[in-house]
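Just below is one structure, and these are the notes that go with it.
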Amino acid sequence: MYDLPRPGAEPKLNGKQEAQVIAVACSDPPAGHEHWTLRLLADRIVELEFAESYSYEAVRRTLKNAIKPWQKEEWCIPKVSAEYVANRGRAGRV
Numbered sequence: 376m377y378d379l380p381r382p383g384a385e386p387k388l389n390g391k392q393e394a395q396v397i398a399v400a401c402s403d404p405p406a407g408h409e410h411w412t413l414r415l416l417a418d419r420i421v422e423l424e425f426a427e428s429y430s431y432e433a434v435r436r437t438l439k440n441a442i443k444p445w446q447k448e449e450w451c452i453p454k455v456s457a458e459y460v461a462n463r464g465r466a467g468r469v
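So the mapping is simple: our numbering equals the position in the sequence shown, first residue as 1, plus 375.
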């Protein structure tokens, strides 16, 4: 079984190039900028000669499922004090 041809243009970036774009997005921004913007990343793709032209919207789609800092898992490990241990035995007792 094979997939049928899909409509639309071929992607401009291959998987390795997309990974490099993600790495650039995670790096320090260029001098004079506080953070990377989609337009800066699109310009960098052209500078790196991955494509002759690349839109900021295409950059957004590339990064959409790759970078989600708000979904970073973090664990909260409480500090265990003597008071906590002493009260732990009383929990559930009336």
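Just so it is clear, CB atoms sit at the ideal spot from N, CA and C, and this is done for glycine as well. Quick caveat: nothing in here was measured; it's all calculated off a predicted structure.
Return the CA-CA distance between residue i and residue j, expressed in angstroms with no decimal places.
i      : j      : result
Leu379 : Glu385 : 14 Å
Arg435 : Leu413 : 7 Å
Ala433 : Lys454 : 45 Å
Trp411 : Gly383 : 29 Å
For residue i, count the other beta carbons within 10 Å of its own beta carbon; 16 or more makes it buried, fewer makes it exposed. Which is it?
i      : result
Ile442 : exposed
Val460 : exposed
Tyr377 : exposed
Ala400 : buried
Val396 : buried
Hey, out of the options, whose CA is closest to residue i's CA?
i      : options                           : result
Ala417 : Gly407, Lys454, Leu388 and Ser456 : Leu388
Glu402 : Gly390, Leu415 and Lys391         : The amino acid at residue 402 is misidentified as Glu; the sequence shows Ser. Ranking Gly390, Leu415 and Lys391 by Cα distance to Ser402 puts Leu415 first.
Gln392 : Glu458, Ser430 and Ile420         : Ile420
Leu438 : His408, Ala398 and Pro405         : Ala398
Quick check on the DSSP output: the alpha helix (DSSP H) that includes residue i runs from which residue to which?
i      : result
Lys454 : Taken as a continuous stretch (DSSP letters only), Lys454 belongs to no alpha helix (DSSP H), as it is neither H nor E.
Gly390 : Gly390 to Cys401
Arg381 : Unbroken run through Arg381: none, as it is neither H nor E.
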